[in-house]
Amino acid sequence: MVDIVKGQIMSVLNNNQIRMLLSALLLTLVVAVPGLAYPPDPDNAALLYYQAFLSCPKADGPLDSQLRDFTEGKIGLNKEIEDYVGSCRSAIKLAIAASELRECDWGLRYSEGFSMILAHLAQIRTLGRILIADARIMASRGEYAEALARCVTVLKITRHVGDKTLISTLVGWALEGMTYTCTQDLLGKMPGDLKVLKQLRADLAALSKRPLSVKNSLQIEREVVLEQIKMNKVSNLLKDLDPNRSPEESMKLIMDYGGETFLEQCRGHYSKFMTSVMSIIEGDAPYAEARRRITEVFEQVDKDQKNKKKEAMFTAALVPAIAKVYGNRIRATTLANAVRTAVEVYIIKAQTGQLPKVLPGGLPKDLFSGEDFEYKKTEEGFMLRCRGKDLDKDKIHQYEFKVAK
Amino acid sequence: MNEQKDEKWLDELISRSIDTSEPRFDAEQWKQKYPGEFQALVARGARRSQVGRFGLLSIVMRSQIAQVAAAAIVIIAVGLFIPHLERGGHQQDPSQQWEKSPAEMVSAMSLRTAYNRGGMEALEEQCDRAARILGQGALSMADLFEDLNG
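These protein sequence lines map, in sequence, to chains P and G. Letter by letter, the first sequence follows residues 1 to 405 of the working numbering. Letter by letter, the second sequence follows residues 1 to 150 of the working numbering.
This is the structure in structure tokens:
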């Protein structure tokens with residue numbers, strides 16, 4: 001009996017096709033088993049950022065101020081800053097790994113409306129500062145390629161900060177501004193290095209193709225607010241808007257105005273307003289014209305409020321921030337464009353040994369005017385000046401760039 | 001040490017430093033002897049009690065030794081009060097900082113209110129204030145072993 005079974009097995013194994021199949025199975029097992037030994041690294045960047053936040057040693061009082069000043073280029077490097085940034089090495093490594101990931105879901109509870117906690121926004125600024133400080137430290141050692149790569153890392157992080165809430169977008173722009181200021185300083189100290197400059201040009205161009213979208217954040221904002229202006233949630237919203245009034249008082253007011261029917265009118269008013277603003281912000285109108293139109297929409301809300309249109313109540317309470325957002329967007333994009341334009345100037349300098357007499361064509365524009373930046377050589381390098389006025393700040397922005405001798 | 005206790009202690013110190021037993025004053029005799037002045041004093045009403053409160057001080061100011069003693073007492077008292085005031089000051093600052101909990105400071109509404117109030121600068125400041133409170137100290141392996149070994 002045993003001989004019969006043995007003979008059958010041997011005949012099967014002698015079959016070439018079956019032998020090949022078994023070999024393939026064995027090979028798959030050998031390759032696959034080590035892969036199954038441990039779970040894969042996370043593909044959600046936020047998980048790595050949260051770990052980075054936890055890995056950052058806390059910078060106490062004076063050190064915290066020094067770090068801020070150093071990040072902004074107000075003071076030089078000292079041992080305390082260098083040691084502190086050195087102690088953040090694990091956090092830096094996590095942040096770099098996170099910045100390379102595509103997905104970033106912070107796990108925000110949008111259902112909470114305006115009570116939603118955005119603690120990561122506070123922490124990401126600190127992490128960004130540490131990375132910028134690291135860039136400046138590397139630049140002080142002459143490692144400009146690495147320093148600029150670190151700046152690009154922070155810019156990638158700003159994309160992860162996200163455009164899912166209006167506040168996230170604003171924090172992203174603020175961090176971006178901090179990074180471009182550092183980049184501006186580094187470019188002014190760096191000896192002309194064509195390869196490094198071309199890499200920076202490519203990185204900045206890639207980032208410009210996926211800017212933080214105000215449209216996206218406004219859309220989500222609108223959905224969150226519309227959900228909050230409903231009978232089952234409106235008391236929370238009212239508590240956030242007017243903490244001094246008790247929920248009972250607020251609800252009585254809503255009921256006196258007509259309950260759900262009134263809230264429906266409020267939602268309609270708010271939705272109409274948001275649609276108008278979003279179409280202007282995302283439209284192609286030049287800055288001054290778009291700003292004028294936004295002002296008109298806001299004047300209408302003011303008028304509705306003065307005319308005692310009760311349904312304008314939530315719109316009037318929730319929209320003032322949006323009036324400033326457009327200005328912030330233009331300011332942030334214009335700074336980014338100025339740095340990209342400056343990189344082109346540095347590339348020409350590295351190629352020819354001379355600063356160009358005029359700016360080459362086809363460069364990113366000053367969004368306040370919709371035109372090219374005004375270019376002027378200075379004693380220390382060159383200056384890019386906007387041709388249009390920032391109407392919120394009542395000033396014309398200009399960006400100075402130094403050139404290393 | 002509360003303020004009332006300090007005042008009591010200060011009064012006792014002043015009383016001990018100067019002799020308040022002489023001269024003795026017979027009010028009834030004085031009232032009968034100077035009725036016009038007595039009426040004028042009554043008419044001064046509320047002011048009288050204030051003058052009375054500073055009566056001891058006016059006695060102090062008449063004597064040079066008492067003036068020096070009083071000055072020393074004031075200096076000691078100020079010295080004792082300063083740490084108390086400083087403690088009070090320190091207690092006030094955190095209460096201002098903790099007006100909102102860290103979580104409230106970073107709620108969407110709170111950040112939005114900051115932005116509405118002061119634009120980008122105010123928003124950034126609010127984030128940084130929250131980060132200072134929320135900031136974590138990283139746990140080192142040494143800390144961990146210390147915790148495990150007690």
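Using N, Cα and C, we set each Cβ at its ideal position, and we do this for glycine too. Computed from a predicted structure; not experimentally measured.
Taking the alpha-carbon positions, what's the residue i to residue j distance?
{"i": "F368(P)", "j": "T153(P)", "result": "28 Å"}
{"i": "T183(P)", "j": "Q51(P)", "result": "26 Å"}
{"i": "Q219(P)", "j": "M313(P)", "result": "20 Å"}
{"i": "A122(G)", "j": "N116(G)", "result": "9 Å"}
{"i": "K303(P)", "j": "L127(P)", "result": "44 Å"}
{"i": "Q126(G)", "j": "V403(P)", "result": "36 Å"}
{"i": "C386(P)", "j": "Y38(P)", "result": "54 Å"}
{"i": "K189(P)", "j": "T181(P)", "result": "13 Å"}
{"i": "V325(P)", "j": "L170(P)", "result": "8 Å"}
{"i": "P243(P)", "j": "G61(P)", "result": "32 Å"}
{"i": "M278(P)", "j": "Y110(P)", "result": "20 Å"}
{"i": "V345(P)", "j": "E176(P)", "result": "21 Å"}
{"i": "S271(P)", "j": "L226(P)", "result": "8 Å"}
{"i": "I322(P)", "j": "T113(G)", "result": "12 Å"}
{"i": "N337(P)", "j": "K365(P)", "result": "6 Å"}
{"i": "I280(P)", "j": "E296(P)", "result": "11 Å"}
{"i": "R245(P)", "j": "V319(P)", "result": "21 Å"}
{"i": "P57(P)", "j": "M138(P)", "result": "20 Å"}
{"i": "D394(P)", "j": "V339(P)", "result": "22 Å"}
{"i": "E248(P)", "j": "E260(P)", "result": "16 Å"}
{"i": "A174(P)", "j": "L121(P)", "result": "11 Å"}
{"i": "P360(P)", "j": "M105(G)", "result": "47 Å"}
{"i": "G118(G)", "j": "P40(P)", "result": "44 Å"}
{"i": "G88(G)", "j": "L253(P)", "result": "Here the model assigns G88(G) a pLDDT of 40, short of 50, so the residue's position is not dependable, and the following value carries that caveat. C-alpha separation (whole angstroms): 42 Å."}
{"i": "L148(P)", "j": "E311(P)", "result": "51 Å"}
{"i": "L363(P)", "j": "S90(P)", "result": "38 Å"}
{"i": "S208(P)", "j": "D43(P)", "result": "23 Å"}
{"i": "D69(P)", "j": "D128(G)", "result": "13 Å"}
{"i": "Q305(P)", "j": "L111(G)", "result": "25 Å"}
When the distance is taken between beta carbons, is residue j closer than 8 Å to residue i?
{"i": "K437(P)", "j": "S217(P)", "result": "The structure shown does not extend to residue 437(P), since chain P is modelled only from 1 to 405, so the question has no answer here."}
{"i": "E221(P)", "j": "L166(P)", "result": "yes"}
{"i": "K45(P)", "j": "A98(P)", "result": "It is worth fixing the name first, because residue 45(P) is Ala in this sequence and not Lys. Contact flag set, yes."}
{"i": "L384(P)", "j": "T341(P)", "result": "yes"}
{"i": "A133(P)", "j": "T71(P)", "result": "yes"}
{"i": "A131(G)", "j": "Q123(P)", "result": "yes"}
{"i": "R125(P)", "j": "V214(P)", "result": "no"}
{"i": "K377(P)", "j": "L355(P)", "result": "yes"}
{"i": "L77(P)", "j": "S140(P)", "result": "yes"}
{"i": "C104(P)", "j": "I130(P)", "result": "no"}
{"i": "K230(P)", "j": "I347(P)", "result": "no"}
{"i": "L212(P)", "j": "R291(P)", "result": "no"}
{"i": "G388(P)", "j": "F401(P)", "result": "no"}
{"i": "M251(P)", "j": "S235(P)", "result": "yes"}
{"i": "A350(P)", "j": "D193(P)", "result": "yes"}
{"i": "F114(P)", "j": "S107(G)", "result": "yes"}
{"i": "R210(P)", "j": "R267(P)", "result": "no"}
{"i": "V343(P)", "j": "R150(P)", "result": "no"}
Residue i lies in the beta strand (DSSP E); which residues open and close that run?
{"i": "K303(P)", "result": "It is not in any beta strand (DSSP E) - K303(P) instead sits in the alpha helix (DSSP H) that spans Y287 to K306."}
{"i": "R141(P)", "result": "Neither: R141(P) is in no beta strand (DSSP E) and is coded neither H nor E."}
Per DSSP, residue i is paired with what?
{"i": "M383(P)", "result": "K376(P) and E400(P)"}
{"i": "E371(P)", "result": "D366(P)"}
{"i": "I117(P)", "result": "S107(G)"}
{"i": "E103(P)", "result": "N44(P)"}
{"i": "K395(P)", "result": "D390(P)"}
If you follow the alpha helix (DSSP H) that residue i is part of, which residue opens it and which one closes it?
{"i": "R68(P)", "result": "G61 to T71"}
{"i": "T179(P)", "result": "L166 to K189"}
{"i": "C266(P)", "result": "E260 to I281"}
{"i": "A37(P)", "result": "Segment: none, A37(P) is in no alpha helix (DSSP H) and carries neither H nor E."}
{"i": "L111(G)", "result": "A108 to L134"}
{"i": "A316(P)", "result": "M313 to L318"}
{"i": "N216(P)", "result": "V214 to Q228"}
{"i": "N15(P)", "result": "Careful: N15(P) lies outside any alpha helix (DSSP H) and carries neither H nor E."}
{"i": "V252(P)", "result": "Reading the sequence as shown, one finds Lys at residue 252(P) and not Val. Run containing K252(P): P247 to Y257, per the alpha helix (DSSP H) assignment."}
{"i": "S87(P)", "result": "K79 to S87"}
{"i": "V196(P)", "result": "L194 to S208"}
{"i": "D240(P)", "result": "V234 to L241"}
Compute every distance between the C-beta of residue i and the non-hydrogen atoms of the ligand MN, then say whether any falls below 7 Å.
{"i": "K58(P)", "result": "The ligand MN is not part of the structure shown, which contains no ligands of any sort."}
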